[in-house]
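See structure below.
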Amino acid sequence: RPGVDVAVVGDVMVDVSVAAPALAAGGDVHGSVRLRPGGSGANAAAWAAYAGARVRLHGRVGDDLAGRLLREALAARGVEAALAVDPAAPTGTMLVVRSAGERSMVADRGANDRLAPEDLPGRLDARAVLVSGYLVLGEGSREAALTALARAGGALSAVDAASWPLLEALGPGRFLGAVAGADLLLANEREAEVLAGEGPEAAAARLARGRRGAFVKLGPRGAVGWIDGAPLRQEVEPVPAADATGAGDAFDGVLLAALALGEAPAEALRRACAAGRRVAASGEQWP
2 RPGVDVAVVG
12 DVMVDVSVAA
22 PALAAGGDVH
32 GSVRLRPGGS
42 GANAAAWAAY
52 AGARVRLHGR
62 VGDDLAGRLL
72 REALAARGVE
82 AALAVDPAAP
92 TGTMLVVRSA
102 GERSMVADRG
112 ANDRLAPEDL
122 PGRLDARAVL
132 VSGYLVLGEG
142 SREAALTALA
152 RAGGALSAVD
162 AASWPLLEAL
172 GPGRFLGAVA
182 GADLLLANER
192 EAEVLAGEGP
202 EAAAARLARG
212 RRGAFVKLGP
222 RGAVGWIDGA
232 PLRQEVEPVP
242 AADATGAGDA
252 FDGVLLAALA
262 LGEAPAEALR
272 RACAAGRRVA
282 ASGEQWP
C-alpha cells in the first residue's frame with residue numbers, strides 16, 4: 002500500500018492581503034491586513050486532505066517564522082509537511098493590495114525557486130502525484146519538478162499549467178515537452194488556449210493526446226475534460242464570486258484525491274468543480 006494517497010510537489014507561500022479605500026503616498030490610512038497560508042501546492046494539498054486523502058506536501062521554506070507557521074497550518078489540516086528548510090532564502094510571500102477597486106499583486110517566490118531534487122525522496126510513494134506548474138516554469142525549480150515526475154513510479158501523475166504569462170514566456174512547446182511524462186494535464190481556459198491554440202473542448206482533447214487525459218477549468222462555467230478516451234463536462238451553479246484566488250488549486254487537489262481514492266472520473270470532476278466554486282464564493286483558499 003502506498004505511503005499516502007496524494008503527494009503534492011509545489012509552492013508554499015504566505016499570502017498578505019491588504020485592503021484600503023485609498024492609499025496615501027507617504028501617509029497612513031486605515032484598512033485591513035490579513036495573513037494566511039497559501040501557495041499553489043499548499044492550497045491543493047489542504048483540499049486533497051479535506052477530500053479524505055492521506056496527503057504529503059513536498060516543498061521548500063525559509064528558516065523563518067513564516068515557514069514554521071506554514072508547517073503548523075498544514076499539519077492542522079492533516080497534511081504531512083515534508084518541507085526542506087532553506088538556510089538563505091526566505092519563505093515565499095505573495096502581497097495582494099486592493100484599493101479603489103483595483104488589485105495589485107507582488108510575488109516573492111523566495112525558497113520555492115530553490116527547490117532541488119535532493120529535497121525529494123527517491124520514490125514519492127503515493128497513488129497520485131500532483132506537480133505545480135510554477136516549479137516547471139521556474140528556472141531554479143524546474144529540475145526538481147521533472148525529478149518529481151520521474152519519481153512518481155506507477156502513480157497517477159498530474160501537472161497544473163499554473164500561469165499563462167509564464168507559459169508564453171517559456172514557450173508552449175518547451176513546457177509540453179518538459180511534462181510529456183505526466184498522465185494528466187490541468188489548465189484554466191487561458192492557459193489551455195496558450196498551450197493548444199483552441200477552445201476548451203478541443204484543447205482538452207488535444208492536450209490529452211499521448212497521456213491519460215486533460216482537464217480545462219472554466220471558472221464559473223465548470224470544467225471540461227478528456228480522460229481514458231472519452232470527453233467529460235461538468236457545469237456548476239453560478240455564484241457571486243468573493244475572490245476566486247485558489248479556486249483552481251482546490252479543483253486540482255480534490256480531483257487528484259478523488260481519482261486516487263478510486264472514484265469515477267465524472268464524480269471526481271463533479272467534486273473538484275464544487276470545491277472550486279466554494280473557494281470562489283467564500284474567498285477562503287483553504288477549507
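First residue of the sequence shown? That's 2 in the numbering used here, and the numbers climb one at a time after it. Even glycine gets a Cβ: it sits at the ideal position worked out from N, Cα and C.
Could you tell me which of the options sits nearest to residue i, measuring between CA atoms?
{"i": "R279", "options": "P266, G223, D16", "result": "G223"}
{"i": "D253", "options": "V30, D16, V217, P239", "result": "V217"}
{"i": "R210", "options": "N189, G178, V137", "result": "G178"}
{"i": "D161", "options": "P239, A50, G154, G42", "result": "G42"}
{"i": "C274", "options": "N189, R207, L167, A108", "result": "N189"}
{"i": "T92", "options": "G68, A77, R115", "result": "G68"}
{"i": "A108", "options": "P88, L121, T94", "result": "T94"}
{"i": "R55", "options": "A265, V255, P266", "result": "V255"}
{"i": "G123", "options": "A76, R234, A145, S18", "result": "A145"}
{"i": "V225", "options": "D244, A248, L187", "result": "L187"}
{"i": "L116", "options": "L24, L136, E103", "result": "L136"}
{"i": "E268", "options": "P288, A197, Q235, A248", "result": "Q235"}
{"i": "V132", "options": "D114, A159, G155, R143", "result": "A159"}
{"i": "L270", "options": "L71, V15, A204, V237", "result": "V237"}
{"i": "E285", "options": "E264, G247, R272", "result": "G247"}
{"i": "E103", "options": "L150, A74, A23", "result": "A23"}
{"i": "P288", "options": "V15, A74, L70, W227", "result": "A74"}
{"i": "M14", "options": "L70, D6, V5, G27", "result": "L70"}
{"i": "A203", "options": "A163, W227, V180", "result": "W227"}
{"i": "A205", "options": "V180, L233, R175", "result": "L233"}
Output needed for residue i: all residues of its chain with C-beta closer than 6 Å, excluding positions within five of it in sequence on either side, in chain order.
{"i": "R99", "result": "A20"}
{"i": "R78", "result": "A47, A50"}
{"i": "A8", "result": "R57, L125, A127, V130"}
{"i": "E81", "result": "R57"}
{"i": "P3", "result": "D126, A127, R128"}
{"i": "D250", "result": "S41, N44, A45"}
{"i": "R152", "result": "R124, L125"}
{"i": "S18", "result": "R35, V97"}
{"i": "V10", "result": "H59, V132, A149"}
Using 7 Å as the cut-off, classify the Cβ of residue i as near or not near the heavy atoms of the ligand SAH, replying yes or no.
{"i": "T148", "result": "Although the ligand SAH was asked about, the structure shown includes no ligands whatsoever."}
Over the uninterrupted beta strand (DSSP E) stretch that includes residue i, give me the two end residues.
{"i": "E202", "result": "Taken as a continuous stretch (DSSP letters only), E202 belongs to no beta strand (DSSP E), being part of the alpha helix (DSSP H) at 201 to 209."}
{"i": "V97", "result": "93 to 100"}
{"i": "L125", "result": "Segment: none, L125 is in no beta strand (DSSP E) and carries neither H nor E."}
{"i": "A60", "result": "Correcting the residue identity first, residue 60 is Gly in this sequence and not Ala. Looking at the DSSP string, the run of the beta strand (DSSP E) that includes G60 is 56 to 63."}
{"i": "E81", "result": "80 to 87"}
{"i": "G226", "result": "224 to 228"}
{"i": "L116", "result": "Neither: L116 is in no beta strand (DSSP E) and is coded neither H nor E."}
{"i": "V7", "result": "5 to 10"}
{"i": "S18", "result": "14 to 21"}
Locate the alpha helix (DSSP H) running through residue i, then write down its first and last residues.
{"i": "P266", "result": "266 to 283"}
{"i": "G42", "result": "41 to 51"}
{"i": "G249", "result": "248 to 261"}
{"i": "L138", "result": "134 to 138"}
{"i": "L75", "result": "66 to 77"}
Can you have a look at residue i and say buried or exposed, based on whether 16 or more other CB atoms are within 10 angstroms of its CB?
{"i": "P38", "result": "buried"}
{"i": "A231", "result": "exposed"}
{"i": "V62", "result": "buried"}
{"i": "R192", "result": "Arg is not the amino acid found at residue 192; the sequence shown has Glu there. The residue is buried, with at least 16 neighbouring Cβ atoms inside 10 Å."}
{"i": "G60", "result": "buried"}
{"i": "S105", "result": "exposed"}
{"i": "L266", "result": "Looking at the sequence shown, residue 266 is not Leu but Pro. Result: buried."}
{"i": "P201", "result": "buried"}
{"i": "D12", "result": "buried"}
{"i": "L66", "result": "exposed"}
{"i": "R110", "result": "buried"}
{"i": "G154", "result": "exposed"}
{"i": "D29", "result": "exposed"}
{"i": "R72", "result": "buried"}
{"i": "S33", "result": "exposed"}
{"i": "G134", "result": "buried"}
{"i": "A215", "result": "buried"}
{"i": "A197", "result": "buried"}
Taking 8 Å as the limit between beta carbons, can you name the residues of its chain near residue i, skipping five residues before and five after?
{"i": "L157", "result": "R128, A129, V130, D184, L185, R213, L257, L260, A261"}
{"i": "V240", "result": "P221, R278, A281, A282"}
Could you name the residues of the same chain whose beta carbon sits closer than 7 Å to that of residue i, not counting the 5 residues immediately before and after it, in chain order?
{"i": "V195", "result": "W165, L168, E169, P173"}
{"i": "E199", "result": "R207"}
{"i": "T148", "result": "P118, L121"}
{"i": "G53", "result": "A258, L262"}
{"i": "P88", "result": "D64"}
{"i": "A112", "result": "R61, V62, G63, D87, A90, P91, T92, G93"}
{"i": "A276", "result": "W48, A251, F252, V255"}
{"i": "G114", "result": "In the sequence as presented, Gly is not what sits at residue 114; that position holds Asp. Same-chain partners within the cutoff: G139, G141, S142."}
**Message:** Could you tell me which whole alpha helix (DSSP H) segments of length 4 or greater appear in the region 146 to 193?
**Reply:** 165 to 171, 173 to 179
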